[in-house]
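Enquirer: To convert, take the position in the sequence shown, counting from 1, and add 472; that gives the working numbering. Have a look at this one before I ask anything.
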Amino acid sequence: MNKKKLTYIDLFSGCGGLSLGLYNSGLWKGLFAIEKNQDAFKTLEHNLILHENHFSWPNWLPQSSHDINEVLKKYSKNLKALKGNVDMVAGGPPCQGFSTAGMRNENDSRNELIKSYIKFIRNVQPKIIFFENVKGFTQKFDKNKTKGKAYSEYVKRALRYTPKSKNYIGYNVYGKLVDFSEFGVPQKRTRFILVGVRKDLEKHTQPKVFFESINANKNDFLVNKKIGLTNTLEDAISDLLRKEETISPDTDSYKTAFYNKAESSYQKLLKGKVKTKIPDSHRFAKHSRKTIKKLEYILENAEKNKTLSNEIKEKFNLKKRTIIPLAGNTPTPTITTLPDDYVHYCEPRIFTVREYARIQSFNDWYEFKGKYTTGGKRRTQEVPRYSQIGNAIPPLFGEQSGIILKSLLVE
C-alpha cells in the first residue's frame, strides 16, 4: 500500500476519538478539526496538535474551537479552495436530538447541524466521507413511524443529489448499523456508520466495500494488536482497581490510585509505554458512607447489566431512571455521558474518567482537559471529561476504519 498519508478534516470532532484512531492507524494526516466546545477542543489540541503534531493546521483558520456555521460563513472562499485537495471529511453532528437514550426531540436545534454538514461537504467535496451518528438517527420521530422523518434518509438523499451545476459532484453512499463490541471495544455500542464515495471515483470503489472489508479485516487486526475479538469490562479496567490510594495530582482534595499490574492484553495495549505511576484522570468520586452502603447492597443483590428493579429502587427511595450495576465478565452496555448511571463491577463506586476512557478504547497517554463533571443548566453549555468520552467514537474502531478507508482510495 502507498505509504503517503492521506488528508482529512474532522467535523464535530469532540475530544478527538476518531482522530486518535486515524492517528493510530499511521495512514492519515489531519488538516484541521471543527469543534464548538472549548473543553473538548482543548483535549484534542493538547494531545493531537501540540504533542503529536497530527494536524497541519491552515494559516487562515485560528487554531481554536469553532462553530461550523461561523466557519461556513466566514471562511467560505477558503473552504471552496480546498475542493479536490481533501481525501476525506470525517465525523457526524452532535447526537443529542436523535438519541434514544435521552429525550428524542425532532425540533432540537442541534438537528439543524445536518444541513450545515451537507453544506460543508458541498463546499469541500472530499473524495470520501465517513459519517457517524447514534442508532436513533435511522429512526423516525413519531411513535407510529408513519410520519416524521429519519435523518439518515435525508443525509443519504442530500449526498446523492447531483444538481445541474457542474461545480458539484454527488456521492454514492451506503449506511449501516455497527456494534463496536464486534471490533474489540469492550462495550456494546451500536452506531450508524455511513460511507460516501464521490461519484467520479465510483468506477474505482463502492462505499459498501468498506463494511465488507472492515469485517473481513477485524480478526487479523485484533490478532496483530494481541487482543481478543471480544473484550470484557474486567479486561479493560481491572488494573485500575482502588487498591493503593494516593492524592489526585490535578485535584488535591480527591483520591486516586496507582496503576496495578496490567493483567490483560487489552490493558497492556492501551497503557502502552506510559511511565507514570498514576493514571491520568483517575480521580475517585467522593461517596458518602450511606452511598457506599447502598452501592454495596446493589452489587450484591441486583442483576448485572440491567437497570435496578423497582424493589431495590423503592428500598432506597431512588427516583433516578437509570442505575445499572455492570458485570465484569462481559462488554458493558453503551456508556452514556452520565457516570452515575453505572456502578463499578466489583467496587462500591461509579467509574473514573480513565476507566470510561478505557471502555471507549482511548490510549492511556491521551489526557483529558476541562472539568470532570457538571450539572443543571450548565449541561447544555459545558462538556466535562466524562461527556467528552461518552460522546466519542471509540478510537479502536476509528483505527480499523482508517485502514479500510485508505484502501478505498489507494490500490
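The beta-carbon is built from N, C-alpha and C at its ideal position, and this holds for glycine as well.
For glycine 486, I'd like the list of residues in its chain whose CB is within less than 7 Å of its CB, leaving aside the five on either flank, ordered along the chain.
Expert: Translated into positions along the sequence shown, residue 486 becomes position 14. Contacts found: Glu507, Ala512, Gln860, Asn863, Ala864.
Enquirer: Exposed or buried, what is histidine 676 when buried is set at 16 or more other beta-carbons lying within 10 Å of its beta-carbon?
Expert: For this step, residue 676 is matched to residue 204 along the sequence shown. By the neighbour-count rule (16 or more Cβ atoms within 10 Å), histidine 676 is not buried but exposed.
Enquirer: Could you check the C-alpha separation between leucine 478 and glutamate 783 for me, to the nearest Å?
Expert: Indexing the sequence shown from 1 puts residue 478 at position 6. Indexing the sequence shown from 1 puts residue 783 at position 311. Answer to the nearest angstrom: the Cα atoms are 55 Å apart.
Enquirer: Beta carbon of isoleucine 807, beta carbon of tyrosine 838: below 8 Å?
Expert: To locate residue 807, count along the sequence shown from 1; it is residue 335. To locate residue 838, count along the sequence shown from 1; it is residue 366. Not a contact, by the Cβ cut-off of 8 Å.
Enquirer: Got a sec, what are the start and stop residues for the alpha helix (DSSP H) alanine 512 sits in?
Expert: The count along the sequence shown starts at 1 and reaches residue 512 at position 40. Its alpha helix (DSSP H) spans residues 510-516.
Enquirer: Can you look up alanine 911 in the DSSP assignment and give me helix, strand or coil?
Expert: Past the edges of the chain, shown from 473 to 883, lies residue 911, and the structure says nothing about it.
Enquirer: Per the DSSP calculation, aspartate 482 is bridged to which residue(s)?
Expert: Taking the first residue of the sequence shown as position 1, residue 482 is located at position 10. For aspartate 482, which the question treats as bridged, DSSP gives the partners Ala505, Ala562.
Enquirer: Count the other CB atoms, across all protein chains shown, that sit within 10 Å of the CB of lysine 599; report buried if there are 16 or more and exposed otherwise.
Expert: The residue given as residue 599 occupies position 127 in the sequence shown. Classification for lysine 599: buried.
Enquirer: From the DSSP output, read off the bridge partner residues of valine 669.
Expert: Translated into positions along the sequence shown, residue 669 becomes position 197. Ile600, Asn644.
Enquirer: State the DSSP-derived secondary structure class of tyrosine 547, mapped to helix, strand or coil.
Expert: Against the sequence shown, residue 547 aligns to sequence position 75. Residue state, collapsed to three classes: coil.
Enquirer: Taking Cβ positions, are leucine 868 and methionine 560 nearer each other than 8 Å?
Expert: As a working mapping, residue 868 is identified with position 396 in the sequence shown. As a working mapping, residue 560 is identified with position 88 in the sequence shown. No, the Cβ-Cβ distance between leucine 868 and methionine 560 is not below 8 Å.
Enquirer: Please say whether threonine 718 and arginine 755 have beta carbons closer to each other than 8 Å?
Expert: Looking up residue 755 in the sequence shown gives position 283. Looking up residue 718 in the sequence shown gives position 246. No.
Enquirer: To the nearest angstrom, report how far apart glycine 870 and lysine 787 are at their CA atoms.
Expert: Residue numbering aside, residue 870 sits at position 398 when the sequence shown is read from its first letter. Residue numbering aside, residue 787 sits at position 315 when the sequence shown is read from its first letter. A direct Cα-Cα distance of roughly 43 Å separates glycine 870 from lysine 787.
Enquirer: Could you please give the first and the last residue of the uninterrupted beta strand (DSSP E) stretch that includes isoleucine 719?
Expert: Counting from 1 along the sequence shown, the entry for residue 719 is found at position 247. Run containing isoleucine 719: 717-719, per the beta strand (DSSP E) assignment.
Enquirer: Considering only C-alpha positions, which residue in the set Thr515, Asn509, His526, Ser497 is nearest to isoleucine 481?
Expert: The count along the sequence shown starts at 1 and reaches residue 481 at position 9. Of the listed residues, the one whose Cα sits closest to isoleucine 481 is His526.
Enquirer: Assess contact between the stretch 793-805 and the stretch 487-496, defined as three or more Cβ pairs (one per stretch) separated by less than 8 Å. Is contact present?
Expert: no
Enquirer: DSSP three-state call for leucine 790: helix, strand or coil?
Expert: Here residue 790 is taken as the residue at index 318 of the sequence shown, counted from 1. Reduced to three states, the DSSP call for leucine 790 is coil.
Enquirer: May I ask you to report which of helix, strand or coil DSSP gives tyrosine 814?
Expert: Mapped onto the sequence shown, residue 814 falls at position 342. Strand, per DSSP.
Enquirer: Please state if the CB of asparagine 703 and the CB of glutamine 872 are separated by a distance shorter than 8 Å.
Expert: The residue labelled residue 872 in the question sits at position 400 within the sequence shown. The residue labelled residue 703 in the question sits at position 231 within the sequence shown. No.
Enquirer: Looking at leucine 483 and phenylalanine 592, is the spacing between their C-beta atoms short of 8 Å?
Expert: In the sequence shown, counting from the first residue as 1, residue 592 sits at position 120. In the sequence shown, counting from the first residue as 1, residue 483 sits at position 11. In this structure, leucine 483 lies closer than 8 Å to phenylalanine 592 by Cβ.
Enquirer: So what does DSSP say about arginine 576, is it helix, strand or coil?
Expert: Translated into the one-based positions of the sequence shown, residue 576 becomes position 104. Because the pLDDT at arginine 576 is just 39, under 50, the model does not fix this residue reliably, and the point stays unresolved.
Enquirer: Between lysine 514 and lysine 841, how many whole angstroms is the CB-CB distance? I'm expecting something under 8 Å.
Expert: Along the sequence shown, one-based indexing puts residue 514 at 42. Along the sequence shown, one-based indexing puts residue 841 at 369. In this structure, lysine 514 and lysine 841 form a Cβ contact; the two beta carbons are roughly 4 Å apart against a cut-off of 8 Å.
Enquirer: Since alanine 708 contacts proline 658 with CB under 8 Å, what's their CB separation in whole angstroms?
Expert: Taking the sequence shown and counting its residues from 1, the one referred to as residue 708 is at position 236. Taking the sequence shown and counting its residues from 1, the one referred to as residue 658 is at position 186. With a Cβ gap of about 4 Å, alanine 708 and proline 658 count as contacting.
Enquirer: Can you give the beta carbon distance from leucine 798 to lysine 776, rounded, assuming they're within the 8 Å contact cut?
Expert: Here residue 798 refers to the residue found at position 326 when the sequence shown is read from its first residue. Here residue 776 refers to the residue found at position 304 when the sequence shown is read from its first residue. Contact holds; Cβ gap of about 6 Å.
Enquirer: Quick check on the burial criterion: 16 or more other C-beta atoms within 10 angstroms. Buried or exposed for serine 720?
Expert: One-based indexing of the sequence shown puts residue 720 at position 248. By the neighbour-count rule (16 or more Cβ atoms within 10 Å), serine 720 is buried.
Enquirer: By Cβ distance below 6 Å, which residues in the same chain neighbour phenylalanine 683 in space, the five residues on each side in sequence not counted?
Expert: What you label residue 683 is simply residue 211 of the sequence shown in a count that begins at 1. Here the set comprises Lys648.
Enquirer: Can you tell me which of the three DSSP states threonine 618 falls into?
Expert: Taking the first residue of the sequence shown as position 1, residue 618 is located at position 146. Because the pLDDT at threonine 618 is just 42, under 50, the model does not fix this residue reliably, and the value given afterwards should be weighed accordingly. In the structure shown, threonine 618 sits in coil (DSSP, three-state: anything other than H, G, I, E or B).
Enquirer: When the distance is taken between beta carbons, is leucine 701 closer than 8 Å to leucine 712?
Expert: The residue labelled residue 712 in the question sits at position 240 within the sequence shown. The residue labelled residue 701 in the question sits at position 229 within the sequence shown. The answer is no: Cβ separation not under 8 Å.
Enquirer: So, helix, strand or coil for threonine 804, using DSSP?
Expert: For the purposes of this step, residue 804 is identified with residue 332 of the sequence shown, where counting begins at 1. Looking at threonine 804 - three-state DSSP - the assignment turns out to be strand.
Enquirer: Secondary structure at lysine 727, three-state DSSP: helix, strand or coil?
Expert: Sequence index remark: in the sequence shown, residue 727 carries index 255 (1-based). Strand.
Enquirer: Pop quiz: leucine 499 and glycine 874 are said to be a contact at Cβ under 8 Å. What is the actual Cβ separation, rounded to whole angstroms?
Expert: The residue given as residue 499 occupies position 27 in the sequence shown. The residue given as residue 874 occupies position 402 in the sequence shown. By a beta-carbon distance limit of 8 Å, leucine 499 contacts glycine 874. Their separation comes to about 6 Å.
Enquirer: Could you tell me which residues DSSP puts in a beta bridge with lysine 660?
Expert: For the purposes of this step, residue 660 is taken as the residue at position 188 of the sequence shown. The partner list for lysine 660 (beta bridge, DSSP) reads Pro805.
Enquirer: Look up phenylalanine 570 in the DSSP assignment and say whether it is helix, strand or coil.
Expert: As a working mapping, residue 570 is identified with position 98 in the sequence shown. Annotation note: pLDDT 43 at phenylalanine 570 (below 50); position unreliable, no value reported.
Enquirer: Does DSSP classify valine 695 as helix, strand or coil?
Expert: By one-based count along the sequence shown, residue 695 stands at place 223. In the structure shown, valine 695 sits in a helix (DSSP, three-state: H, G or I).
Enquirer: Kindly list the residues whose CB is nearer than 7 Å to the CB of threonine 723, restricted to its own chain and excluding five residues on each side of it in sequence; keep chain order.
Expert: Mapped onto the sequence shown, residue 723 falls at position 251. Excluding sequence neighbours, threonine 723 sits near Arg755.
Enquirer: What is the residue span of the alpha helix (DSSP H) that threonine 763 lies within?
Expert: Within the sequence shown, numbered from 1, the residue matching residue 763 stands at position 291. 761-773 is the extent of the alpha helix (DSSP H) around threonine 763.
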